[in-house]
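Numbering (this note's numbering), first residue to last: 1360 to 1546. Glycine included, every Cβ here is placed at the ideal spot set by N, Cα and C. Below: the structure, in structure tokens.
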DNA sequence: GCCAGGATGTTA
DNA sequence: AACATCCTGGCG
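See the structure below:
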């Protein structure tokens, strides 16, 4: 299974988000199978940070496709995004859920008592299980030896409305593997 | 099982 | 003041 290069993210956010379902997410010894993502677009998407945050627009300008965009949400959850920067469009893919594949011991150590299938079942949960925080912000993680994304088997992919937002809540830019037990919510 | 409420920090 | 969330406790 090949590694996904930064070039993968030189397209549009919706395509990238959809194609990441089933891929492997690798982070310092932990591996998860991506089962849920969302797309956010730099232009025309009121739910994207670039809509209202100057810092997010700066980030898109200064960073490369495939770099990590990590931020703290609701004062307590780190959310992990990947910068998408194509010629025609740019934005982010939010990794919303993964199924734990390897490094389960390390994950359980960070989440004592949590059921295995829930360790990555949500954008805040997965960063906690994988030990991801703000120090990953801006990193070119695809190029790091211990981190990155690998191609997976193709699976059935369903589409839905993005979760937890108030603006542009009707954009069907949530993607997932409906058979997974590790979704943040049912489709 | 469902729902209400609270924790908590950064942005603008 | 809003926010790309999660957990707990109350109630059935």
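Beta carbon of residue 1509 nearer than 9 Å to that of residue 1382 | yes
Residue nearest to residue 1517 in terms of C-alpha spacing, selected from 1370, 1527, 1445, 1377 = 1377
Determine the extent of the beta strand (DSSP E) in which residue 1385 is found, giving its start and end residues.
-> 1383-1386
Which one of 1406, 1401, 1423 has the shortest CA to CA distance from residue 1496?
-> Selected option, being the one with the closest Cα: 1423.
The stretch 1408-1419 touching the stretch 1365-1374, judged by at least three CB pairs closer than 8 Å | no
Short Cβ contact (9 Å threshold) for residue 1363 with residue 1507 | yes
Top-ranked residue by Cα proximity to residue 1406, from 1483, 1368, 1528 | Taking only the C-alpha atoms, the option nearest residue 1406 is 1528.
Mind pulling the beta strand (DSSP E) runs of 3 or more residues that sit fully within the stretch 1384-1408?
-> 1389-1400
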